[in-house]
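Have a look at the structure below, then the notes.
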Amino acid sequence: MNYQINKAVVVGAGTMGAALAAHLANAGVSVTLLDIVPKDAAAGNKAARNKIVTELWDRCLKAKPANLMGADLKTLISLGNLEDDFGAVAEADWIIEAIVENLKIKQSLMTRIDEVRKPACIVSTNTSGIPVKDIAAGRSKGFKQHFLGTHFFNPPRYLKLLEIIPTADTSKDVTEFISWFGEYRLGKGIVLCKDTPNFIGNRVAFGTGAFGMDFIMSNGYTVDEVDMITGPLVGNPRTATFRLIDLVGVDVWEHVGKNLAPLVQHDKLAVKYLEAEAPNKLIHSMVERNWLGNKTKVGFYKEVRTDDGKKEFYSLDLQTMEHVAPSKPRFDSVKAAKDLEGLGDRLKVMLEADDKAAKLVSALTLQSFQYASSIIPEVADTAKPIDDAMRWGFMREAGPFETWDMLGVRETVKKMKAAGYPAAKWVDAMLKSGVESFYQYKRSSPADKNGDKVSVYDVQVWRRVVLSIQAKQSCGQERRQGRGVRCLEREVCEDQTANGHGLPERFARDEEGHRGERGRFDVRYRRRRCAGGIPHQDERARRRHFQHHHRSARPRRKRF
Ligand SMILES: NC(=O)c1ccc[n+]([C@@H]2O[C@H](COP(=O)([O-])OP(=O)(O)OC[C@H]3O[C@@H](n4cnc5c(N)ncnc54)[C@H](O)[C@@H]3O)[C@@H](O)[C@H]2O)c1
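Using the numbering used here, you'd call the opening residue of the sequence shown number 306 and step up by one each time.
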């Protein structure tokens with residue numbers, strides 16, 4: 306089916322909904338932005354009935370940095386409410402739900418949408434943590450085929466990450482189309498996610514962030530120290546740790562953490578820290594005092610006017626719960642590392658040093674590697690989607706696996722073990738098989754330290770699906786790998802046909818011919834497991850190409 310997005314409806318005009326409507330307008334799409342009618346609004350009083358949406362849209366227009374690319378784009382937005390203007394939903398090509406994070410409320414909205422939507426209308430939810438399939442539960446088959454998660458990051462105009470979460474029922478065409486639209490019309494970096502708790506970006510951020518909060522509090526670090534150490538020095542933006550929580554909202558931080566914990570009871574590494582007493586007590590008491598961060602002007606930092614009228618940011622003393630005058634912490638390790646250009650070089654200096662700053666960097670870095678490796682294959686099948694999500698969603702210089710490569714995987718695995726943060730077993734298996742890095746790099750000269758990434762290690766989670774990691778120049782070289790498993794190494798063909806988006810390719814891929822349900826020859830692709838999430842636009846052409854070049858591929862005899 307061919308999809309087009311000319312008219313969109315965004316339901317929910319809060320922080321995300323209004324900014325999403327603005328960003329769709331930036332892409333030239335006409336948008337109707339809907340919100341609830343205030344309880345006391347009289348029937349027929351249009352202004353009173355649209356009060357919520359109007360106020361929220363005005364707030365969005367005043368926000369800095371600007372959500373719209375130009376003031377004239379306002380004309381593409383119409384405002385309405387969910388009672389009088391629901392007709393817009395029947396006209397829409399894409400409906401994005403961005404209402405309160407409550408399953409029942411989201412489900413009842415979807416019931417209403419299902420009754421009126423056009424057959425080809427795509428519906429998506431911006432939920433940050435509710436399982437996407439649950440939001441579509443009970444809906445019609447056509448609705449489910451056109452329903453998926455589109456998790457934008459705040460603010461959607463500026464943060465590049467768009468996590469796309471298809472369910473088992475979502476049509477492949479819909480996923481591919483929204484991925485294409487998100488990338489080419491909205492300018493996003495697409496990461497295809499499984500429907501697992503908090504998807505990828507927030508799962509990693511909270512699995513590592515909760516550990517960080519516990520470590521910081523147990524070892525007596527101050528807010529000033531932490532933000533000085535965990536900013537650009539270690540590849541994070543200047544918001545570092547506590548300024549980031551103030552920006553996101555201390556209440557949002559608490560809410561996401563609390564929602565995540567019961568959903569990831571199986572994830573021992575995360576749950577231990579998500580449920581840790583001291584950090585939870587601290588965050589909760591801040592929420593009780595309405596110290597929610599930038600939005601209430603008090604959080605981990607508080608703006609204070611000094612006697613001479615100067616603006617200063619006092620930081621929270623985590624022990625006394627008082628805001629104190631800023632300090633300028635100094636550490637020898639930071640002095641030695643901060644002016645080095647490469648992130649890997651700075652981290653190497655920090656990991657070799659032994660002062661208080663070095664200990665924090667060491668713990669946060671090694672635990673982040675441990676955690677990122679532990680959630681493969683649960684949330685992603687390779688390193689790449691995790692790295693993309695952390696770079697695009699949190700503006701980090703590099704994702705955990707890219708950073709780990711910079712430090713040397715083998716040496717770092719030893720350090721991790723010694724420090725009590727052992728890597729997942731598949732990393733050991735990768736090293737044992739002779740692969741020394743998560744990505745393969747093409748270096749223009751021996752002096753070129755980093756090189757261009759050309760492929761990513763395809764994590765072997767099923768023992769019997771065997772891949773060779775040697776990139777072959779020839780197409781379709783067939784290998785028998787025992788017990789009926791065949792592997793075709795065809796890097797060149799795949800590069801030419803499958804990756805029109807210029808994404809890095811993996812080392813090698815397996816292509817297993819087998820008889821499809823109707824007895825015709827079919828080819829199974831595992832490309833998505835590693836290509837970082839952007840499907841090829843014309844899957845059929847790709848299949849034809851493969852069949853043309855690899856007619857010798859015979860059906861696999863045995864299914865595993
Ligand atoms: N804020 C973020 O940084 C962020 C980032 C990514 C995803 N999300 C997700 O986006 C969604 C919206 O989040 P937000 O931060 O914009 O929330 P918000 O609280 O700012 O806005 C929620 C909107 O829902 C409306 N609403 C309340 N009850 C409703 C009902 N019964 N029916 C319809 N609408 C109702 C409210 O009037 C409000 O405008 C949530 O699912 C959230 O998890 C938020």
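We put the beta carbon where it would ideally sit given N, CA and C, even for glycine.
- When the beta-carbon positions are compared, residue 663 and residue 651 stay at least 8 Å from each other.
- For residue 440, the three-state secondary structure derived from DSSP is helix.
- Annotation for residue 471: the continuous beta strand (DSSP E) segment containing it runs 466-471.
- Around the beta carbon of residue 408, fewer than 16 other beta carbons lie within 10 angstroms, which makes this residue exposed.
- Within the DSSP secondary-structure output, residue 671 pairs in no beta bridge.
- The alpha-carbon separation between residue 319 and residue 374 amounts to approximately 19 Å.
- At least one heavy atom of ligand 1 lies closer than 7 Å to the C-beta of residue 406.
- Annotated as proximal: residue 414 and residue 404, with beta-carbon spacing under 8 Å.
- Note on geometry: alpha-carbon atoms of residue 726 and residue 326 lie some 43 Å from one another.
- For residue 560, the enclosing alpha helix (DSSP H) covers residues 555-568.
- With respect to the 8 Å criterion, residue 498 and residue 521 are not classified as neighbours on the basis of their beta carbons.
- In the DSSP annotation of this structure, the continuous segment of the beta strand (DSSP E) that includes residue 454 starts and ends at 452-457.
- Here the segment 488-495 makes no contact with the segment 664-676; the two share fewer than three CB pairs at distances below 8 Å.
- Residue 372 and residue 720 have their C-alpha atoms some 44 Å from each other.
- Checking the 7 Å criterion, the Cβ of residue 456 is within range of a heavy atom belonging to ligand 1.
- Taking 8 Å as the cut-off, the beta carbon of residue 632 is found no closer than this to the beta carbon of residue 551.
- DSSP links residue 618 through a beta bridge to 608.
- Where residue 494 is concerned, the enclosing beta strand (DSSP E) starts and stops at 494-497.
- Here DSSP, grouped into helix, strand and coil, assigns residue 322 to helix.
- When secondary structure is reduced to three states using DSSP, residue 386 falls in the strand class.
- Only residues of its own chain outside the window of five on either side were considered, and among them 323 have a CB closer than 8 Å to the CB of residue 364, listed in chain order.
- Segment contact: the segment 504-512 against the segment 611-630, fewer than three CB-CB distances shorter than 8 Å; contact not assigned.
- The beta carbon of residue 705 is closer than 6 Å to those of 673, 674, 677 in its chain, skipping five residues each way along the sequence.
- With contacts defined as CB atoms closer than 8 Å, residue 562 and residue 579 qualify as a contacting pair.
- Not one heavy atom of ligand 1 lies closer than 7 Å to the C-beta of residue 386.
- With respect to the 8 Å criterion, residue 592 and residue 559 are classified as neighbours on the basis of their beta carbons.
- With a cutoff of 7 Å, residue 355 does not count as near ligand 1, since its C-beta is closer than that to no heavy atom of the ligand.
- With at least 16 other beta carbons inside 10 angstroms of its own, residue 337 counts as buried.
- Under the DSSP definition of a beta bridge, residue 335 partners with 312.
- Between ligand 1 and residue 431, a heavy atom-to-CB distance of less than 7 Å is present.
- With contacts defined as CB atoms closer than 8 Å, residue 388 and residue 342 qualify as a contacting pair.
- A Cβ-Cβ distance of about 12 Å is found for the pair residue 385 and residue 397, leaving them out of contact under the 8 Å criterion.
- In this structure, 755 is the residue among 670, 654, 755, 737 with its C-alpha nearest to the C-alpha of residue 745.
- Burial state of residue 460 is buried, judged by a 10 Å Cβ sphere holding 16 or more other Cβ atoms.
- With a minimum length of 4 residues, the unbroken runs of alpha helix (DSSP H) contained wholly in the segment 660-721 fall at 661-679, 688-699, 705-712.
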